[in-house]
Amino acid sequence: MKRLFSFPVVIASMLCVLAVLSVRGRFNDPDMWWHLRMGQMIFNSHSIPTADSFSFTANHHLLVPHEWLAQLSIYSVYHFFGYSGLMLWLCAALSAIYIAGYILCGLYSGNWKVAFLGALVLFVFSTVGASVRPQLLGYLLLLFELLIIHLGRTRSVRWFWLMPLLFAIWINIHGSFFLGILLTAVYLAASFFDFRVGSITSQRWARATRGQFLAATLVSIAALFINPDGLRQVVFPIDLMLREPINLAGVQEWHPLQLTSERGVVLLLVLAAIFLLVALRRAEIRLEELLLLALGLWLAGGHDRMLFVFGILTAPVFVRLLANEWENYNPAADRLLPNVIMIMLAMATVWIGFPRPAALRSQIESGSPVAAVSYIQSHHLTGPMLNDYTFGGYLIWAMPEHPVFIDGRAEIYEWAGVLSQYMNWMNLNTDPEALLDQYHIQFCLLNANSYMVRVLTMTHHWKLVYSDRMSAILVRDPA
1 MKRLFSFPVV
11 IASMLCVLAV
21 LSVRGRFNDP
31 DMWWHLRMGQ
41 MIFNSHSIPT
51 ADSFSFTANH
61 HLLVPHEWLA
71 QLSIYSVYHF
81 FGYSGLMLWL
91 CAALSAIYIA
101 GYILCGLYSG
111 NWKVAFLGAL
121 VLFVFSTVGA
131 SVRPQLLGYL
141 LLLFELLIIH
151 LGRTRSVRWF
161 WLMPLLFAIW
171 INIHGSFFLG
181 ILLTAVYLAA
191 SFFDFRVGSI
201 TSQRWARATR
211 GQFLAATLVS
221 IAALFINPDG
231 LRQVVFPIDL
241 MLREPINLAG
251 VQEWHPLQLT
261 SERGVVLLLV
271 LAAIFLLVAL
281 RRAEIRLEEL
291 LLLALGLWLA
301 GGHDRMLFVF
311 GILTAPVFVR
321 LLANEWENYN
331 PAADRLLPNV
341 IMIMLAMATV
351 WIGFPRPAAL
361 RSQIESGSPV
371 AAVSYIQSHH
381 LTGPMLNDYT
391 FGGYLIWAMP
401 EHPVFIDGRA
411 EIYEWAGVLS
421 QYMNWMNLNT
431 DPEALLDQYH
441 IQFCLLNANS
451 YMVRVLTMTH
461 HWKLVYSDRM
471 SAILVRDPA
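Heads up, the sequence shown is in UniProt numbering, so the first residue is 1 and it goes up one at a time.
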């Protein structure tokens, strides 16, 4: 009973509350819908698609099914529990991330009270990407890898042999498995050095420990080929970074971090706190920690969405340096009744805070072109459609009878040459009529605030037939 209602369990229950309250209003991510449709195809056909079938512009271009297992899990919960199941998936995944981060910080620092601050650091940076998307499961596996490496170094090298299983699952969950490979490279490189230069230290691993870790890493790399697309799926993250400049430059989440933003300020504060602890308290910072901080900073500085990874890599280091600044948790001092009350209050808060189906439908209606889709279907609009980029995912799910022009799967549109055409069209860098004529577009579903809506309504060829606060529909005027 004491373990079941201990102080760390109280903290875990509070982290579940934090997860639910932070995402209860973030249900309608534009990419959630095409992940849901992909999961449905896998669920119903018992096969994994390797070619696009949702658009008419990508022309059945090959796609890399690097998230198929996560997509299957997303659709499965929807199939059995509807939209509430999707929200439950999101809350459970985020709660697991916070709890895994808390456990990692507690084991790494040895102080279960300070570890809560590490979980809060992770929470702040996780808000950049907390949505119903496969990347959440990828980041959870990144935390699992850090736990495995720590336990393998401090408890038993047998823990290392969980890594091949981890990577065999990870390669089919999300492309973030590549971060896991970089992580093993960092630890492996640091394991050869034994020195102390000022506050920077490194302790060489025992030969047997390093040998077991290297062997487990090599088997893990081999396990990456347990996937439906072979080498293409293994090199997909590299391809994304090197061969998709338009995607990286045009999509907001891939833009560089703005240090003046709220999360940018918190990043600077966390780094400043680490620097002050090392400089003023003369605390030691390990070589692998310094390398991980540099990796996290480089990733976050280059791409806003990588702040999540920065939080995962930074939190354990931050709390280890703080571990001696606060008394540690003493299991003997646990008081059963207050702990029980706190856990029960947390459970009640989760139940009350979890959004009901009506609230979820309201979020969908406020964030997706629901009314516009109803208009298209009720008025039987036909022919090729050009749609707003952010609407594409929802259209794939809600209106499968109309193949989309573009959606959030930017990589296949860049490979097919469509993304550059669309970006130039939206930015008015080309003749607006040229692209519409090239693809024989009969109607457009655009964001109501798009400049293109005003441009097209000025011509004699397009007529505005529907608009609301979110979307506008224009049809080609036969006259």
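A virtual CB, placed ideally from N, CA and C, is assigned to each residue, including glycine.
For this session: Could you have a look at residue 404 and say whether DSSP puts it in helix, strand or coil?
Result: strand
For this session: Enumerate in chain order the residues of its own chain whose CB-to-CB distance from residue 213 is below 6 Å, with the five nearest sequence positions on each side excluded.
Result: 160
Problem set entry | Sheet register partners of residue 444 (DSSP bridge) | 386 and 474
For this session: Excluding the 5 residues preceding and the 5 following residue 78 in the sequence, name in chain order all residues of the same chain whose CB lies nearer than 7 Å to its CB.
Result: 36, 85 and 86
Problem set entry | Segment limits, beta strand (DSSP E) that includes residue 195 | 195-197
For this session: Name, in chain order, the residues that DSSP records as bridge partners for residue 285.
Result: 200
For this session: State the Cα-Cα distance for the pair residue 314 and residue 292, rounded to the nearest angstrom.
Result: 8 Å
Exercise. Is it buried or exposed for residue 298, if we count other Cβ within 10 angstroms and need 16 for buried?
Worked result: exposed
Exercise. What are the residues that DSSP puts in a beta bridge with residue 463?
Worked result: 475
For this session: Just confirm the distance between the C-beta atoms of residue 436 and residue 421, as a whole number of angstroms; I'd bet it's less than 8 Å.
Result: Not really, about 11 Å apart at Cβ, beyond 8 Å.
Exercise. Nearest-angstrom Cα distance between residue 166 and residue 191?
Worked result: 22 Å
Exercise. What residue range is occupied by the uninterrupted alpha helix (DSSP H) comprising residue 180?
Worked result: 177-190
Exercise. Residues bridged to residue 55 by DSSP?
Worked result: 404
Exercise. Are the region 410-425 and the region 58-69 in contact at 8 Å, needing three or more beta carbon pairs?
Worked result: yes
Problem set entry | Contact set for residue 384: own chain, Cβ-Cβ below 7 Å, skip 5 residues either direction | 56, 439, 440, 441 and 442
Exercise. What residues in its chain sit with their C-beta under 8 Å from that of residue 223, if we drop five residues either side in the sequence?
Worked result: 164, 165, 167, 168 and 171
For this session: Just grab the DSSP bridge partners of residue 62 for me.
Result: 51
Exercise. Whose C-alpha, out of 244, 115, 357 and 21, is nearest the C-alpha of residue 416?
Worked result: 244
For this session: Determine the contact status of residue 388 and residue 445, defining contact as a CB-CB distance below 8 Å.
Result: yes
Exercise. Of the residues 94, 90, 88 and 42, which one's Cα is nearest the Cα of residue 69?
Worked result: 42
Problem set entry | residue 454, DSSP secondary structure in three states | helix
Exercise. Beta-carbon separation of residue 2 and residue 336 under 8 Å?
Worked result: yes
For this session: Have a look at residue 371 and residue 462 and give me their C-alpha separation to the nearest angstrom.
Result: 21 Å
Problem set entry | Whole-angstrom distance between residue 352 and residue 158, CA atom to CA atom | 42 Å
Exercise. On the three-pair Cβ rule with 8 Å, is the region 199-207 touching the region 254-273?
Worked result: no
Problem set entry | Three-pair Cβ contact test at 8 Å for the region 308-325 versus the region 259-277 | yes
For this session: Please state whether DSSP places residue 300 in a helix, a strand or coil.
Result: helix
For this session: Throw me the rounded Cβ distance for the residue 340 and residue 17 pair, which I believe falls under 8 Å.
Result: Incorrect: roughly 16 Å between the Cβ atoms, too far for contact.
Problem set entry | Helix, strand or coil at residue 39 [DSSP, three-state] | helix
Exercise. Taking the Cβ atom as the reference point for each residue, do residue 114 and residue 319 lie within a distance shorter than 8 Å?
Worked result: yes
Problem set entry | Which of helix, strand or coil DSSP assigns to residue 306 | helix
For this session: Closer than 7 Å by C-beta to residue 15: which residues in its own chain qualify, once you throw out the five before and the five after it? Chain order, please.
Result: 95, 98, 99, 102 and 119
Exercise. At a cut-off of 7 Å, is residue 230 close to the ligand MG when judged by its beta-carbon and the heavy atoms of the ligand?
Worked result: Annotation note on the ligand MG: not contained in the displayed structure, which lists no ligands.
Exercise. How about the region 144-159 and the region 354-372: do they share at least three Cβ pairs that are nearer than 8 Å?
Worked result: no
For this session: Express the C-alpha separation of residue 231 and residue 239 in angstroms, rounding to a whole number.
Result: 12 Å
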